[in-house]
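All remarks here apply to the structure that follows.
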Amino acid sequence: MTPPHVPTEGGKTMRKILTTLAAVLVTLAGLGLAHAVEVYSMGETVTVGKLQYTVTKAWWEKDTEGKDRYLGIEVSVTNTGDVRVQLPPFQLIDGNGRPREVNTSKITWPKMALNPGETLHGKLYFQPTAEEGFRLLVSGGYDEGEFAHVEIGDIG
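If you count by my numbering, then the sequence shown holds residues 315 to 470, one letter each, in order.
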């Protein structure tokens, strides 16, 4: 007789779940939908598709009333390609793994399209709920399907 604390069917169920998960991941990888996203540090130049990103600084900032707190991120983007590129949206992944969109009322960004060889410098603002563990998600463009994370450390 099997003792009550030893699962008999649990192992089979877990094996089925893991086998199914592995099959799904292999299928997604074959379709080009599952990519390993590389992680970079602030200050490093990150090339994703035809765009190069450099995150130079991060800081905490309060609004004028002192109620809301924002994470500011200074970033530059260069178009290394030979055609004009529409800048894809930025997204912050907070320390809890939740995505955060750019706060459009505070953003300081000159324009949203880059000519070949052009570099833009701007400031992005997010309102995360976590205190640490932030990553900025950057991409190669709307139709590139390539992504990278920039770990946001040394927040001043």
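Backbone N, C-alpha and C fix where the C-beta goes; we use that ideal spot for every residue, glycine too. All values reported here derive from a predicted model rather than from experimental measurement.
{"Query": "C-beta atoms of L451 and Q400 nearer than 8 angstroms", "Result": "no"}
{"Query": "Collapsed DSSP secondary structure at V397 in the structure displayed", "Result": "coil"}
{"Query": "Proximity winner among S453, E458, N417, relative to K437 (alpha-carbon distances)", "Result": "N417"}
{"Query": "Short Cβ contact (8 angstroms threshold) for E352 with A444", "Result": "no"}
{"Query": "F404 in three-state terms, based on DSSP", "Result": "coil"}
{"Query": "Per-residue burial, N393 [other beta carbons within 10 Å of its own, 16 or more giving buried]", "Result": "buried"}
{"Query": "Y439 in three-state terms, based on DSSP", "Result": "strand"}
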